[in-house]
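Before any comments, here is the structure.
There are 2 protein chains.
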Amino acid sequence: MRVSGNTGRGVTIYSVAERAGVSIATVSRVLQDSGVVSARARRQVLEAVEELDYVPSGAARSLAVRQHDTYGLVLPELSGPYYSELLVGFETRAGELGRGVMLLLGGARDLAKPFSTLASRVDAICVFGGLAAHIGRGTRPIVVVAGGAPPGVEAITAENVDSADELTEHLLAHGRTRLLFVGDTTAAPDVLERYEGFTRAHENRGLRAAEPVHVEFRERDGIVVAERLLAGDLAADGLVCCNDEVALAIMARLTDAGMDVPDDVAVVGWDDVMTARYVRPGLTTVRQPVHQLGARAADRLHELVGGAPPRATRNVLPTELVLRGSCGCEEHAARPQGATSQTYLSTPPPRK
Amino acid sequence: MRVSGNTGRGVTIYSVAERAGVSIATVSRVLQDSGVVSARARRQVLEAVEELDYVPSGAARSLAVRQHDTYGLVLPELSGPYYSELLVGFETRAGELGRGVMLLLGGARDLAKPFSTLASRVDAICVFGGLAAHIGRGTRPIVVVAGGAPPGVEAITAENVDSADELTEHLLAHGRTRLLFVGDTTAAPDVLERYEGFTRAHENRGLRAAEPVHVEFRERDGIVVAERLLAGDLAADGLVCCNDEVALAIMARLTDAGMDVPDDVAVVGWDDVMTARYVRPGLTTVRQPVHQLGARAADRLHELVGGAPPRATRNVLPTELVLRGSCGCEEHAARPQGATSQTYLSTPPPRK
DNA sequence: TCAGGAAATGTAAGCGCTTTCAACGACGAG
DNA sequence: CTCGTCGTTGAAAGCGCTTACATTTCCTGA
């Protein structure tokens with residue numbers, strides 16, 4: 009056994025025990041609030057903790073209990089509200105479960121090393137869809153969020169096909185005849201699913217959907233599409249964009265060039281970012297339950313760590329259509345009114 | 009010493025050593041890439057690791073080296089680009105330093121418990137200004153970012169007074185005579201400093217600044233101010249808002265009510281959020297070096313953990329004025345053009 | 001052929017905590 | 001007065017890793 013209660017600088021459970029005049033077992037008991045401890049011993053321990061400014065070593069505890077009490081989250085980046093919401097949902101739920109969160113941002117760097125480091129520090133990991141390929145040897149429980157997961161790995165995603173169908177049908181019902189889908193269907197499973205819905209809506213009316221316009225999903229990519237439209241390189245009276253960022257960029261560029269949205273061309277997107285309700289016309293979009301996505305992921309990790317079997321079927325969360333002016337709908341005058349912006353439920357769309 | 013190389017389920021360094029036919033010391037050496045190891049031993053270890061699907065225990069390592077190799081970050085929330093940028097800057101730099109990041113979001117919950125849990129799992133902590141009060145007994149190195157720090161604690165912040173002065177002077181130079189500062193100066197040190205700059209600009213012209221209009225910094229709070237303006241309860245021809253969110257909400261409400269921005273009233277804000285360059289007129293604002301703020305924080309934590317003494321003087325990072333149309337400046341037609349939005353440097357403002 | 005040293009590897013002592021198990025004292029019942 | 005109980009407490013065995021130090025192996029030159 010140990011003699012010194014204070015090796016070098018650090019204050020350990022030994023120092024506390026010594027100062028409180030009890031054994032380390034008792035200190036541990038009062039700190040963990042486990043087992044029975046006399047009021048007197050408890051008080052002395054607490055005092056010693058206070059006086060010594062004791063901070064327990066999480067590592068030592070983790071080692072002893074063989075659990076990190078921490079979940080990992082791997083995201084590609086953090087721009088826009090999407091990832092933030094996901095992160096908040098995840099962190100909040102994890103916190104409620106008494107778990108910490110270690111974050112790993114993809115960025116451009118090679119994830120292999122950071123990923124395995126992360127794996128050694130947490131009990132389970134939630135990985136964003138596009139990064140699923142980086143998943144190493146599968147030792148820790150893992151869930152993939154918003155994207156396809158390798159076989160055997162659990163996935164949680166937002167509904168895409170149906171809402172894309174609904175959104176597209178809405179545009180068609182407005183009398184639009186030449187719709188274009190803007191987004192790289194090969195870049196992310198989500199985008200592909202949205203294009204599927206786009207296609208299905210056309211088929212339901214006996215129409216044939218145009219090929220997707222493959223572009224990345226950033227502002228500059230939207231500008232490019234707008235330029236092609238203005239140049240006559242592309243023709244359309246309705247644009248279904250894979251996200252709001254692209255949709256907004258297109259809308260801004262077209263409007264600046266003198267075109268009218270939605271009269272000349274309708275534009276809709278995905279995500280319901282804050283800007284969507286500030287621009288004129290307001291951007292019609294699909295709101296995703298991103299917060300719940302994150303929370304659900306944390307929940308599932310917790311269950312998996314607890315020994316629950318991975319689910320074979322994908323967890324799919326419902327989305328919500330948000331109709332504003334950019335699709336051709338009439339719009340209320342005063343929009344942003346407080347925290348809860350005007351949200352129209354997805355009711356039968358008005359004919360043009 | 010230990011007999012079994014595989015206690016129960018988990019694969020440990022013992023299982024690997026056994027399988028590779030070497031000692032655990034050798035396994036550790038190849039995994040840490042420290043000391044000398046024969047090519048043959050290295051190969052065997054690597055194979056064993058692969059075959060056994062070995063994931064090291066971060067806790068055990070941390071305990072042995074007496075370091076977590078992880079820094080903590082405590083933020084109040086994650087809405088808007090401000091906190092995200094900060095987080096990204098922090099995480100990126102920490103990653104470069106080979107450190108992981110544990111995140112703690114303030115939210116509404118009581119931080120005392122989560123905070124000390126965090127403290128037990130990391131080597132040092134970065135706390136956002138408004139949350140500085142939650143800092144417990146100061147055992148770990150700490151830096152406070154964007155806000156006041158208790159004495160003895162290092163602080164890193166963006167410049168506020170000078171830029172507020174400049175922004176206000178800019179409005180005054182436009183010929184505005186009745187400026188109002190919108191924001192709760194008691195809520196955050198940053199806001200107070202901005203009001204100081206607001207005041208100083210007035211004094212420099214021999215004017216007297218109005219009392220600040222105390223409101224929170226969310227959309228709904230902006231709406232309230234706009235309503236008061238419309239009702240005649242408040243009178244102004246220029247509004248200096250503590251952040252873009254409030255500024256945008258005010259602008260939208262006023263415009264919807266038929267007022268003209270900037271002709272009837274100029275509106276400026278802080279943060280340069282994405283929406284700021286999408287609305288018409290574009291919002292004049294102050295861009296903060298949030299990313300660097302986070303990166304600097306990570307750097308300082310690293311140095312502190314390395315034994316460097318805390319700095320007595322505050323680290324102050326420079327900000328940048330972004331002139332658009334909402335202050336009365338003439339604006340270029342085509343704004344959002346790609347990733348780099350039109351940014352005007354802070355040159356002598358045109359007279360009205 | 002052998003001493004001496006460098007290179008490679010193994011041994012074992014912790015790191016700071018949790019938790020089982022045994023020991024202890026006080027106390028009421030028999 | 002003795003024994004069984006219950007409430008408290010302490011001793012000690014790990015948890016899985018790093019690393020100083022000891023030991024073995026392998027060359028090299030004399």
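Residue numbers (our numbering), protein chains in the order written: chain A, 9 to 360; chain B, 9 to 360.
Idealized CB from N, CA, C, for every residue including glycine.
None of these values were measured; they are calculated from a predicted model.
So if DSSP puts ARG295/B in a beta bridge, which residue, or which two residues, is it bridged to? Counting from one through the second sequence, the residue named residue 295/B turns up at place 287. ARG295/B pairs with GLU328/B.
What does a CB cutoff of less than 6 Å around ARG261/A pick up in its chain, not counting 5 residues either side in sequence? Numbered from 1 along the first sequence, position 253 holds the residue referred to as residue 261/A. The residues are ILE231 and ALA234.
For GLU162/A, which three-state DSSP category applies? In the first sequence, residue 162/A corresponds to position 154, counting from 1. Strand.
Continuous alpha helix (DSSP H) assignments of at least 4 residues falling wholly in the stretch 63-140 of chain A: DSSP assignment within the stretch 63-140 of chain A yields the following whole alpha helix (DSSP H) runs of 4 residues or more, N-terminal first: 66-73, 88-104 and 120-129.
Applying the criterion that 16 or more other CB atoms from any shown protein chain within 10 Å of the CB defines a buried residue, is HIS240/A buried or exposed? Residue mapping note: residue 240/A aligns to position 232 of the first sequence, counting from 1. Looking at the sequence shown, residue 240/A is not His but Gly. The C-beta of GLY240/A has fewer than 16 other C-beta atoms within 10 Å across all chains shown, which makes the residue exposed.
Work out the CA separation of THR165/B and PRO317/B for me, nearest whole Å. Translated into the one-based positions of the second sequence, residue 317/B becomes position 309. Translated into the one-based positions of the second sequence, residue 165/B becomes position 157. Each residue's alpha carbon lies about 19 Å from the other.
Looking at the structure shown, is PHE225/B part of a helix, part of a strand, or coil, going by DSSP? The count along the second sequence starts at 1 and reaches residue 225/B at position 217. Three-state DSSP puts PHE225/B in coil, outside helix and strand.
Between which two residues does the alpha helix (DSSP H) harbouring ALA257/B extend? Counted from its first residue, the second sequence places residue 257/B at position 249. For ALA257/B, the enclosing alpha helix (DSSP H) begins and ends at 252-264.
With a cut-off of 9 Å, does the C-beta of ARG50/A fall near any C-beta of chain B? The residue you call residue 50/A lines up with position 42 of the first sequence. Not one chain B Cβ lies under 9 Å of ARG50/A.
Got a sec, what are the start and stop residues for the beta strand (DSSP E) ALA316/B sits in? For the purposes of this step, residue 316/B is taken as the residue at position 308 of the second sequence. That residue, ALA316/B, is in no beta strand (DSSP E); it is neither H nor E in DSSP.
Please report the straight-line C-alpha distance between ASN326/A and GLY155/A, rounded to a whole angstrom. Translated into positions along the first sequence, residue 326/A becomes position 318. Translated into positions along the first sequence, residue 155/A becomes position 147. The sequence as given places Pro at residue 326/A; Asn does not occur at that position. Rounded to whole angstroms, PRO326/A and GLY155/A show a C-alpha spacing of 15 Å.
Counting only beta-carbon separations shorter than 9 Å, does TYR91/B have a partner in chain A? The count along the second sequence starts at 1 and reaches residue 91/B at position 83. For TYR91/B, at least one C-beta of chain A is nearer than 9 Å to its own C-beta.
Length at least 3, wholly inside the stretch 171-239 of chain B: the beta strand (DSSP E) runs in chain order: Counting only runs of 3 or more, we get 187-190.
Evaluate the contact criterion for the stretch 90-99 of chain B versus the stretch 299-317 of chain B: three or more CB pairs, one atom per stretch, below 8 Å. Judged by Cβ distances under 8 Å, the stretch 90-99 of chain B makes contact with the stretch 299-317 of chain B, as three or more pairs qualify.
Distance CB(LEU119/B)-CB(LEU112/B) smaller than 9 Å: For this step, residue 119/B is matched to residue 111 along the second sequence. For this step, residue 112/B is matched to residue 104 along the second sequence. In contact: LEU119/B and LEU112/B (Cβ atoms closer than 9 Å).
Own chain partners of ASP61/B with C-beta closer than 8 Å, once the 5 adjacent residues on each side are dropped: Here residue 61/B is taken as the residue at index 53 of the second sequence, counted from 1. Result list for ASP61/B: VAL19, in chain order.
For the candidate residues GLY144/B, MET110/B, ARG69/B and ASP41/B, whose alpha-carbon lies nearest to that of TYR79/A? As a working note, residue 79/A is residue 71 in the first sequence. Ranking GLY144/B, MET110/B, ARG69/B and ASP41/B by Cα distance to TYR79/A puts MET110/B first.
Looking at chain B, is there any beta carbon in it that lies within less than 9 Å of the beta carbon of PRO344/A? As a first step, residue 344/A must be located in the first sequence, where it is residue number 336. For PRO344/A, the predicted structure reports a pLDDT of 42, less than 50, and the residue's modelled location is therefore unreliable. A value from the coordinates is still provided. Output row for PRO344/A: interface = yes.
Near VAL24/A, which residues of its chain fall below 7 Å by C-beta distance, leaving aside the five closest residues on each side in sequence? Numbered from its first residue, the first sequence carries residue 24/A at position 16. Contacts found: VAL35, VAL53, ALA56, VAL57, LEU60 and TYR62.
Partner residues on chain A for ARG148/B, Cβ-Cβ distance less than 8 Å: Reading the second sequence from its first residue, position 140 is the one you call residue 148/B. Here the neighbours are VAL63.
Is ALA306/A helix, strand or coil by DSSP? In the first sequence, the residue the question calls residue 306/A occupies position 298. Reduced to three states, the DSSP call for ALA306/A is helix.
Which chain A residues sit within Cβ distance under 9 Å of GLU99/B? Numbered from 1 along the second sequence, position 91 holds the residue referred to as residue 99/B. Near GLU99/B (Cβ distances below 9 Å), the residues of chain A are LEU86, LEU111, LEU112, LEU113 and GLY115.
Under the three-state reduction of DSSP, which class applies to ILE32/B: helix, strand or coil? Here residue 32/B corresponds to residue number 24 of the second sequence, with the count starting at 1. If DSSP states are grouped into helix, strand and coil, ILE32/B belongs with the helices.
Can you check which of these residues, GLY43/A, ASP229/A and LEU247/A, is closest to PRO270/A by C-alpha distance? As a working note, residue 270/A is residue 262 in the first sequence. For the residues GLY43/A, ASP229/A and LEU247/A, the minimum Cα distance to PRO270/A belongs to LEU247/A.
Identify the residues that DSSP records as bridge partners of LEU247/A: which are they? Start at 1 with the first residue of the first sequence, and residue 247/A comes out as number 239. Partner(s): LEU188/A and VAL275/A.
Checking 9 Å against the spacing of the C-beta atoms, do ALA257/B and LEU238/B come in under that value? Here residue 257/B refers to the residue found at position 249 when the second sequence is read from its first residue. Here residue 238/B refers to the residue found at position 230 when the second sequence is read from its first residue. Contact flag unset, no.
Are the C-beta of MET282/B and some C-beta of chain A separated by less than 9 Å? Along the second sequence, read from residue 1 onward, the residue named residue 282/B stands at position 274. Yes, MET282/B counts as interfacial toward chain A.
Measure from the C-beta of LEU309/B to each C-beta in chain A and report whether the shortest distance is under 9 Å. By 1-based counting over the second sequence, the position of residue 309/B is 301. Taking CB atoms only, LEU309/B has no neighbour in chain A less than 9 Å away.
Can you tell which of HIS210/A, SER334/A and LEU242/A has the C-alpha that lies nearest to the C-alpha of ASP268/A? By 1-based counting over the first sequence, the position of residue 268/A is 260. Among HIS210/A, SER334/A and LEU242/A, the Cα nearest to that of ASP268/A is on SER334/A.
With a threshold of 9 Å between beta carbons, is SER128/A in contact with chain B? For the purposes of this step, residue 128/A is taken as residue 120 along the first sequence, with counting starting at 1. SER128/A counts as touching chain B.
Status (buried if at least 16 other CB within 10 Å, exposed otherwise) for PRO8/A: Any property of residue 8/A remains undetermined from this structure, which presents chain A solely from 9 to 360.
Cutoff 8 Å; reference GLY115/B; Cβ partners in own chain excluding five residues on either side: Here residue 115/B corresponds to residue number 107 of the second sequence, with the count starting at 1. Excluding residues up to 5 positions away in sequence, PRO84 and GLU85 lie with their Cβ nearer than 8 Å to the Cβ of GLY115/B in the same chain.
Excluding the 5 residues preceding and the 5 following ALA243/B in the sequence, name in chain order all residues of the same chain whose CB lies nearer than 7 Å to its CB. Position 235 of the second sequence holds residue 243/B. So the list reads ARG186, once near-sequence residues are dropped.
For VAL153/B, list the residues DSSP reports as bridge partners. If you number the second sequence from 1, residue 153/B lands on position 145. VAL153/B pairs with PHE136/B and ILE164/B.
Could you check which residue in GLY214/B, ARG228/B, ARG213/B and ALA195/B has the C-alpha nearest to that of PRO220/B? Counting from one through the second sequence, the residue named residue 220/B turns up at place 212. Comparing Cα positions, the closest option is ALA195/B.
Indicate whether at least one CB of chain A lies closer than 9 Å to the CB of GLY191/B. Locating residue 191/B in the second sequence gives position 183, where the first residue counts as 1. Contacts with chain A at 9 Å (Cβ-Cβ) do not include GLY191/B.
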